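Using the working numbering, you'd call the opening residue of the sequence shown number 60 and step up by one each time.
Quick notes on the structure that follows.
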Amino acid sequence: MLRLVLVRHGQTDANLNRVLQGQSDGELNAAGRRQAEELGRYLKDFHVDQVVSSPMRRAQDTAAAIARYHRLTVKTTPLIVEWNCGVLDGVSAGVFRKKLQESGVPLSSFRPEGGENLLEVRQRAAAFLTDVIANYLGQTVLVCSHGDFMRALMSLILQISIEEASGIHFDNASYSILEFENGHWSPVALNQSPEKSDQVVTM
60 MLRLVLVRHG QTDANLNRVL QGQSDGELNA AGRRQAEELG RYLKDFHVDQ
110 VVSSPMRRAQ DTAAAIARYH RLTVKTTPLI VEWNCGVLDG VSAGVFRKKL
160 QESGVPLSSF RPEGGENLLE VRQRAAAFLT DVIANYLGQT VLVCSHGDFM
210 RALMSLILQI SIEEASGIHF DNASYSILEF ENGHWSPVAL NQSPEKSDQV
260 VTM
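Laid out in structure tokens, this is it:
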């Protein structure tokens with residue numbers, strides 16, 4: 060069996076202000092740093108063999124806060140970076156929704172100028188899953204990434220559309236557990252956090 064502990068990075072100012080970050084390399088804010096530290100302490104007794112992160116600072120810093128409790132080095136891969144929103148990096152959620160509506164295409168096909176669409180993000184997610192199956196079978200891998208990437212990945216796991224997966228919510232510094240066994244992925248827990256400790260799945 061292969062187990063993924065999927066972590067969304069801690070809060071940034073852009074998250075707080077409901078602004079698209081995409082691949083702009085924002086840092087955790089003070090609340091985000093606290094969230095990362097709290098999650099690291101909370102997960103310290105979980106068995107983790109590998110820690111893999113997006114190369115974005117907000118993800119790497121969150122991953123590092125967890126990895127130190129396991130004495131592991133954080134590995135990075137560009138496959139799990141956030142959706143490249145091109146010219147829409149830095150716009151408000153409201154402006155994004157307006158641009159999407161004006162485009163006349165579904166969310167999955169919407170490609171902002173200079174960016175990528177979510178079908179392409181899902182292709183990256185598929186490549187990442189293929190990679191972890193090939194290299195980490197039998198291990199528990201903690202993966203620190205981003206909300207839109209994680210939703211694209213969940214569309215694969217749950218075999219649903221990008222549009223359906225867009226309704227899945229991941230809090231900042233939350234973790235979800237996915238298991239791969241007998242050729243199939245299944246979610247064990249979604250959007251968990253220290254504040255939701257009564258719902259925790261132990262490992």
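Just so you know, even glycine gets a beta-carbon here, dropped at the ideal spot from N, CA and C.
Small disclaimer: the values here were computed from a predicted structure and weren't measured.
Counting other Cβ atoms within 10 Å of its Cβ, methionine 213 reaches 16 or more and is therefore classed as buried.
In the DSSP secondary-structure assignment, leucine 61 is bridged to Phe239. If you look at leucine 201, you'll find it in the beta strand (DSSP E) that goes 199 to 204. Here glycine 69 is not near asparagine 250, since their CB atoms are 7 Å or more apart. It is roughly 7 Å from the alpha-carbon of alanine 186 to the alpha-carbon of leucine 138. Taken through DSSP and simplified to helix, strand or coil, glutamine 82 comes out as coil.
By the beta-carbon neighbour count (other beta carbons within 10 angstroms, threshold 16), glutamine 160 is exposed. Between the stretch 104 to 119 and the stretch 196 to 216 there are three or more C-beta pairs closer than 8 Å, enough to call the two in contact. For a cut-off of 8 Å, the C-beta gap from tyrosine 234 to leucine 102 is around 7 Å, short enough to register as a contact.
Between alanine 184 and alanine 211, the gap from beta carbon to beta carbon is short of 7 Å. Take the alpha-carbon of glutamate 172 and the one of glycine 145: they are about 6 Å apart.
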